[in-house]
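Student:
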Amino acid sequence: MTPLKTKTILFFSLLLISRLTAQTDSTVIDAYIDGLQAGKTKLVGMFGDQNYIADSAVVDPNGHFTLRRKSPLPAGLYTFLLPGSKNLSILIDKDDQILTLRANVSDMLGSMKVEGSLNTDLFYQTNKYQSLQDRELGLLAEKMKNLSAASPDYQQAKSRQDELVAERKAYLDGIYKQYPNLFFTKFKYAGQNPEFREMRKPNGDVDTIGQVVSYRNRFWDNVDFNDPRLLYTPVISNKLKRYIKDLTPQQPDSLIKVSDALIRRVMIYPEYFKFFSNWIALQYENTKTTVMDGEAVFVHIINNFFTEELATWEKPENIKKLRQHVWEMQASLMGKKGPDVIAPDVNGQMRSIYEKTAPLVVIFMFNPDCEHCQKESAEVEAIYKKWKDKGVDFYGIAVNTTDAEWKEFVQKQGFTFTNVFDPTNKAIYAKYYVDITPELYLLNKDRTIVAKNLHANQLEQMFEKEFKKMK
Numbered sequence: 060m061t062p063l064k065t066k067t068i069l070f071f072s073l074l075l076i077s078r079l080t081a082q083t084d085s086t087v088i089d090a091y092i093d094g095l096q097a098g099k100t101k102l103v104g105m106f107g108d109q110n111y112i113a114d115s116a117v118v119d120p121n122g123h124f125t126l127r128r129k130s131p132l133p134a135g136l137y138t139f140l141l142p143g144s145k146n147l148s149i150l151i152d153k154d155d156q157i158l159t160l161r162a163n164v165s166d167m168l169g170s171m172k173v174e175g176s177l178n179t180d181l182f183y184q185t186n187k188y189q190s191l192q193d194r195e196l197g198l199l200a201e202k203m204k205n206l207s208a209a210s211p212d213y214q215q216a217k218s219r220q221d222e223l224v225a226e227r228k229a230y231l232d233g234i235y236k237q238y239p240n241l242f243f244t245k246f247k248y249a250g251q252n253p254e255f256r257e258m259r260k261p262n263g264d265v266d267t268i269g270q271v272v273s274y275r276n277r278f279w280d281n282v283d284f285n286d287p288r289l290l291y292t293p294v295i296s297n298k299l300k301r302y303i304k305d306l307t308p309q310q311p312d313s314l315i316k317v318s319d320a321l322i323r324r325v326m327i328y329p330e331y332f333k334f335f336s337n338w339i340a341l342q343y344e345n346t347k348t349t350v351m352d353g354e355a356v357f358v359h360i361i362n363n364f365f366t367e368e369l370a371t372w373e374k375p376e377n378i379k380k381l382r383q384h385v386w387e388m389q390a391s392l393m394g395k396k397g398p399d400v401i402a403p404d405v406n407g408q409m410r411s412i413y414e415k416t417a418p419l420v421v422i423f424m425f426n427p428d429c430e431h432c433q434k435e436s437a438e439v440e441a442i443y444k445k446w447k448d449k450g451v452d453f454y455g456i457a458v459n460t461t462d463a464e465w466k467e468f469v470q471k472q473g474f475t476f477t478n479v480f481d482p483t484n485k486a487i488y489a490k491y492y493v494d495i496t497p498e499l500y501l502l503n504k505d506r507t508i509v510a511k512n513l514h515a516n517q518l519e520q521m522f523e524k525e526f527k528k529m530k
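Its first residue numbered 60, the sequence shown is counted upward by one per residue in the numbering used here.
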């Protein structure tokens, strides 16, 4: 065989192998970014509100990189973190992961050309269109700020604003109609907010609460809960955060009502049920919320949705621990009768919360080694002295310490109110929950818990509020 024939056969053999290899790659993303410096790019995916590194590739000196995978990426929105603090996003489904991207690094959005992925192509086309509109809408809004609503210039700007909004809606509706089942359509449609509806009370005043409730009731109408792909984009987590944090009053009763209804709505959609119940519970877990008694939301969700039958994603032993944890918390939720504690004071005498006769009782839980306890103790003692003849008494409970350390701390701080300590912890177990000291609870005249998670500087305001109620 001649050398030429040998080289020819070798060339075609390598070409065939290359083609066969390419056929086995489920994901091939080729990117040519003019002006991009050489280095390494990381592909970042997301689930809910969490990001993760999905893959990586090397960028050559010409701004070219190829990412190949045998197994496909989960359908979703991904972002390439590029050298030079640049980034590049793609929206892909399971069957459109062979694509080519071409752009200039100086204007990634404006210059982007996409081949092979209709989802990513529409993603960029729509972002380009909306970017141009947003510039004009921004200028119009700025202009209207300084004009009277009755002026001709304002009316002209408002008319143009309405025109642009209508154009955007028509543009998106056209895409939805042309590609009703495309992943991009589900993604974009889910991200659209409900139309604002003006509502008025019978007397003609604007019904602001009614407007918010109406808006909130329609907030999820555009989301297809049958489609778990949306969880791999920012749409769902952004909507959930706004729904719970912005559209719902940050009070335990409101949060429980709204959260419970939403979680029950998605219970038949396993991925959404898992994400929604976990996300909301974690937002209001003790130490992770600034809402007074926000842990009531956490307790409600765990009690109602984290059972072996429902939370099938979790191990039974973990569910058992979680439910035990909320059982320890639920006796000290606001609105509940404050449990009595009977424990020995520094003189060894048994002292009870319920022996206190003052209309209001503050429960001060502390640890002698806690720096914040040491800082707040002087203020707590000063407040006690100021209010002890005005109808407020204090009951101190030492936790996680020793008898000697506790007594030394009480003496050093000069506490003159009742202080108790039970080294066995039996006197307070599952009564007044404490995770971070100091912890302050306030009981009213009926010994109902009316405030908790307080700082010392909030006590006097709460006293005045409760005495005002009594009058």
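Ideal placement from N, C-alpha and C gives every residue a C-beta, glycine not left out.
1. What number of angstroms, rounded off, separates the C-alpha of Met393 from the C-alpha of Asp352?
2. Looking only at its chain, what residues have a beta carbon closer than 7 Å to the beta carbon of Gly169, apart from the 5 residues adjacent to it on each side?
3. Quick one: grab the DSSP three-state call for Met351.
4. Quick check on the DSSP output: what are the complete alpha helix (DSSP H) runs of length 4 or more inside the stretch 357–388, in order along the chain?
5. Ala81: buried (16+ other C-beta within 10 angstroms of its C-beta) or exposed?
6. Output yes or no for whether 7 Å exceeds the beta carbon distance between Val421 and Phe453.
7. Can you check which of these residues, Tyr111, Asp119, Asp114 and Leu126, is closest to Ile88 by C-alpha distance?
8. Counting only runs of 4+ residues fully inside the stretch 281–332, write out the alpha helix (DSSP H) ranges in chain order.
9. Which one or two residues does DSSP pair with Arg127 in a beta bridge?
10. Distance cutoff 7 Å, beta carbons only. Does Gln214 sit that close to anything in chain B?
11. Mapping DSSP to helix, strand and coil, what is Pro482?
12. Should Val294 go down as buried or exposed, given a rule of 16 or more other Cβ atoms within 10 Å for buried?
13. Give me whichever residues DSSP pairs with Gly104 in a beta bridge.
14. DSSP three-state call for Val439: helix, strand or coil?
15. Starting from Arg219, trace the beta strand (DSSP E) in both directions and tell me its first and last residue.
16. Could you give the first and the last residue of the continuous alpha helix (DSSP H) run that contains Phe268?
17. Got a sec? Which residues, its chain only, sit under 6 Å from Arg256 by beta carbon, not counting five neighbours each side?
18. Which residues bound the alpha helix (DSSP H) around Thr244?
19. Give the single residue among Thr292, Thr416, Glu344 and Ser391 whose Cα lies nearest to the Cα of Gly135.
20. Could you compute how far the alpha carbon of Glu525 sits from the alpha carbon of Val509?
21. Three or more C-beta pairs closer than 8 Å, one from the stretch 93–108 and one from the stretch 172–182: is that the case here?
22. Exposed or buried, Trp372, counting other C-beta atoms within 10 Å across all chains shown (16 or more means buried)?
23. What are the boundary residues of the alpha helix (DSSP H) that includes Arg194?
24. List the endpoints of the continuous alpha helix (DSSP H) containing Asp462.
25. Would you identify the three-state DSSP class for Tyr454, choosing helix, strand or coil?
26. Apply the 10 Å Cβ neighbour rule to Trp386 and answer buried if 16 or more other Cβ atoms are within range, or exposed otherwise.
27. Could you tell me the alpha carbon to alpha carbon distance between Leu63 and Pro133, rounded to whole angstroms?
28. Do you know whose CA, among Asn252, Val282 and Phe468, lies nearest Val271's CA?
29. Verify whether the separation of the beta carbon atoms of Val451 and Ala515 is less than 7 Å.
30. For Lys586, which of helix, strand or coil comes out of DSSP?
31. What does the alpha-carbon distance come out to for the pair Met167 and Ile149?
32. Since Ser391 and Tyr491 should fall inside the 8 Å C-beta cutoff, what is the C-beta to C-beta distance between them, to a whole number of angstroms?
33. Do Ala116 and Thr100 have their beta-carbon atoms positioned less than 7 Å apart in this structure?
34. Using the three-state DSSP reduction, which class does Asp404 fall into: helix, strand or coil?
35. Ile157: which of Val118, Thr86 and Arg227 sits nearest, CA to CA?
Tutor: The relevant details are as follows:
1. The count along the sequence shown starts at 1 and reaches residue 393 at position 334. The count along the sequence shown starts at 1 and reaches residue 352 at position 293. Approximately 6 Å between the Cα atoms of the pair.
2. The residue given as residue 169 occupies position 110 in the sequence shown. Taking C-beta separations shorter than 7 Å and ignoring five residues to either side along the sequence, the partners of Gly169 in its chain run Lys187, following chain order.
3. Taking the first residue of the sequence shown as position 1, residue 351 is located at position 292. Looking at Met351 - three-state DSSP - the assignment turns out to be coil, as it is neither helix nor strand.
4. DSSP runs (the alpha helix (DSSP H)) wholly in the stretch 357–388: none.
5. As a first step, residue 81 is located in the sequence shown; it is residue number 22 there, counting from the start. Below a pLDDT of 50, predicted positions are generally treated as unreliable, and Ala81, at 48, falls in that range; the measurement from the model is reported next regardless. Counting C-beta atoms within 10 angstroms of its own C-beta, Ala81 has fewer than 16 neighbours from the protein chains shown and is therefore classed as exposed.
6. As a first step, residue 421 must be located in the sequence shown, where it is residue number 362. As a first step, residue 453 must be located in the sequence shown, where it is residue number 394. Cβ distance < 7 Å, so Val421 and Phe453 count as in contact.
7. The residue given as residue 88 occupies position 29 in the sequence shown. It is Leu126.
8. 293–300 and 311–324
9. Locating residue 127 in the sequence shown gives position 68, counting from the first residue. According to DSSP, which records beta bridges pairwise, Arg127 is partnered with Val87.
10. Absent from the structure is chain B; it holds one protein chain and no more.
11. As a position in the sequence shown, residue 482 is number 423, starting the count at 1. In this structure, Pro482 counts as coil in the three-state DSSP scheme.
12. In the sequence shown, residue 294 corresponds to position 235, counting from 1. Val294 comes out buried.
13. Counting from 1 along the sequence shown, the entry for residue 104 is found at position 45. Tyr111.
14. For the purposes of this step, residue 439 is taken as residue 380 along the sequence shown, with counting starting at 1. In this structure, Val439 counts as helix in the three-state DSSP scheme.
15. Within the sequence shown, residue 219 is the residue found at index 160, counting from 1. Element bounds for Arg219: not the beta strand (DSSP E) but the alpha helix (DSSP H), Pro211 to Gln237.
16. Walking along the sequence shown from the start, residue 268 turns up at place 209. The sequence as given places Ile at residue 268; Phe does not occur at that position. From DSSP, the alpha helix (DSSP H) with Ile268 extends over Thr267 to Asn276.
17. Walking along the sequence shown from the start, residue 256 turns up at place 197. Cβ neighbours of Arg256 beyond the five flanking positions: Ser273.
18. Counted from its first residue, the sequence shown places residue 244 at position 185. Phe242 to Ala249 is the extent of the alpha helix (DSSP H) around Thr244.
19. Working through the sequence shown from its first residue, we reach residue 135 at position 76. Comparing Cα-Cα distances from Gly135 to each of Thr292, Thr416, Glu344 and Ser391, the minimum goes to Thr292.
20. As a first step, residue 525 is located in the sequence shown; it is residue number 466 there, counting from the start. As a first step, residue 509 is located in the sequence shown; it is residue number 450 there, counting from the start. For Glu525 and Val509, the distance between alpha carbons rounds to 9 Å.
21. no
22. The residue given as residue 372 occupies position 313 in the sequence shown. It is exposed - the Cβ of Trp372 has fewer than 16 other Cβ atoms within 10 Å.
23. Here residue 194 is taken as the residue at index 135 of the sequence shown, counted from 1. Unbroken alpha helix (DSSP H) run through Arg194: Leu177 to Lys204.
24. On the sequence shown, position 403 is the one that residue 462 refers to. Residues Asp462 to Gln472.
25. The residue labelled residue 454 in the question sits at position 395 within the sequence shown. In this structure, Tyr454 counts as strand in the three-state DSSP scheme.
26. As a position in the sequence shown, residue 386 is number 327, starting the count at 1. Trp386 is exposed by the Cβ-count criterion.
27. Residue mapping note: residue 63 aligns to position 4 of the sequence shown, counting from 1. Residue mapping note: residue 133 aligns to position 74 of the sequence shown, counting from 1. Bear in mind that a pLDDT of 47 at Leu63, under 50, signals an unreliable position, so the model cannot answer this.
28. Here residue 271 corresponds to residue number 212 of the sequence shown, with the count starting at 1. Checked all of Asn252, Val282 and Phe468; the closest Cα to Val271 is Asn252.
29. The count along the sequence shown starts at 1 and reaches residue 451 at position 392. The count along the sequence shown starts at 1 and reaches residue 515 at position 456. Against a cut-off of 7 Å, the Cβ pair of Ala515 and Val451 comes out as no contact.
30. Residue 586 lies beyond the residue range present for the chain, which begins at 60 and ends at 530; the question has no answer from this structure.
31. Walking along the sequence shown from the start, residue 167 turns up at place 108. Walking along the sequence shown from the start, residue 149 turns up at place 90. Answer to the nearest angstrom: the Cα atoms are 12 Å apart.
32. Taking the first residue of the sequence shown as 1, we reach residue 391 at position 332. Taking the first residue of the sequence shown as 1, we reach residue 491 at position 432. Contact holds; Cβ gap of about 5 Å.
33. Taking the first residue of the sequence shown as position 1, residue 100 is located at position 41. Taking the first residue of the sequence shown as position 1, residue 116 is located at position 57. Yes; because the gap between Cβ atoms is below 7 Å, this pair is in contact.
34. For the purposes of this step, residue 404 is taken as residue 345 along the sequence shown, with counting starting at 1. Residue state, collapsed to three classes: strand.
35. Start at 1 with the first residue of the sequence shown, and residue 157 comes out as number 98. Per the Cα distances, Thr86.
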